[in-house]
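Quick note: the sequence shown uses the numbering used here, first residue 172, plus one each step.
Here the structure comes first, spelled out in structure tokens, and everything after it is commentary.
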Amino acid sequence: MTDNNDDMTIRIEDVSRWIPHEDQPGNGVLLHTTRGDIHTIVHSNPDQEYRTTKAIIYVWGARGGFDGPAEGIYARLAEDLKYEMTSIRIDYRLPNVLAECVLDTMAGLSFLSATGHSEIALVGHSFGGAVVIAAAPFSPLVKAVVSLSPQTYGASNAGAVSPRPLLLAHGGADTRLPPSCSEQIYEWANEPKEMVIIPDAEHGLVECKDALDNLLVDWLRHNLA
């Protein structure tokens, strides 16, 4: 990734293993980059004969972490879909620093590209919902974007996500980032776009976790088909 600031670049220099906490499924992969180490957890088909070109990158909120909203939706989806598409869950180097978190996402894209993946979806929640919108236009590898309970800061370029499909999902009872945030981003975005407001769900989307799981599995399968 580059912009007018020549320092806004990131490159993977090496990759090694690390051991995630025992309650975390998947394999720990440490990306050694020119801007520091990025901890990731990768979920993939254990049968290498059936490797896929499809993948998903998951990023979370302003505090970082691997789990995602709705009581750990990222690990659930990654495990459910690992025979169809690879997943990488990214913990930011510098949480709540938008540009650096976008660069972490770009490093994830670079890793997936180097491992043979060419059709990639980005999924982010809250602060991460803006991160994935900001990151998507920088790579032709990105084919779809999901933004859950997103903030508007950092998401004003939502129009540049097109022609990739964009899904916005927001809790109707969210008092941290009200659903008007998704409504504003929806207005900024171009087609194809979809917005789902889930009644009675709060910011963490716990109240609708089963329905959200089903929504995202179906949407991701359809848009990476």
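Ideal placement from N, C-alpha and C gives every residue a C-beta, glycine not left out.
Across which residues does DSSP place residue i in a beta bridge pair?
i: Thr204; result: Ile183 and Gly207
i: Val189; result: Correcting the residue identity first, residue 189 is Trp in this sequence and not Val. Answer is Gly199, bridged to Trp189.
i: Gly342; result: Ile369
Taking a contact to mean a Cβ-Cβ separation below 8 Å, would you say residue i touches residue j in this structure?
i: Met179; j: Ala301; result: no
i: Leu348; j: Ser320; result: yes
i: Ile228; j: Leu280; result: yes
i: Asp381; j: Leu248; result: no
i: Val332; j: Ala372; result: no
i: Val213; j: Val230; result: no
i: Ser289; j: Thr211; result: no
i: Val388; j: Asp251; result: yes
i: Ala305; j: Gly287; result: no
i: Ser310; j: Lys253; result: no
i: Leu339; j: Tyr357; result: yes
i: Ala360; j: Ile291; result: no
i: Ile190; j: Thr205; result: no
i: Ala278; j: Ile183; result: yes
Quick one: using the 10 Å Cβ neighbour count with 16 as the cut-off for buried, is residue i buried or exposed?
i: Tyr245; result: buried
i: Ala396; result: exposed
i: Ser258; result: buried
i: His203; result: exposed
i: Gly299; result: buried
i: Pro217; result: exposed
Using only the alpha-carbon positions, how far apart do residue i and residue j sit?
i: Asn394; j: Ser284; result: 18 Å
i: Arg392; j: Cys379; result: 20 Å
i: Gly236; j: Leu312; result: 24 Å
i: Lys314; j: Ala329; result: 14 Å
i: Leu274; j: Ile209; result: 10 Å
i: Arg335; j: Thr276; result: 17 Å
i: Thr346; j: His374; result: 7 Å
i: Gly343; j: Ile369; result: 5 Å
i: Gln355; j: Gly243; result: 27 Å
i: Pro363; j: Trp390; result: 13 Å
i: Arg188; j: Val303; result: 25 Å
If residue i sits next to residue j, beta carbons under 8 Å apart, how far is it from one beta carbon to the other, in whole angstroms?
i: Val428; j: Val317; result: The displayed coordinates of the chain run from 172 to 396. Any statement about residue 428 would go beyond what the structure contains.
i: His296; j: Gly232; result: 6 Å
i: His366; j: Ser351; result: Per the sequence shown, the amino acid found at residue 366 is Met instead of His. Actually they do not touch by this definition, with Cβ atoms about 11 Å apart.
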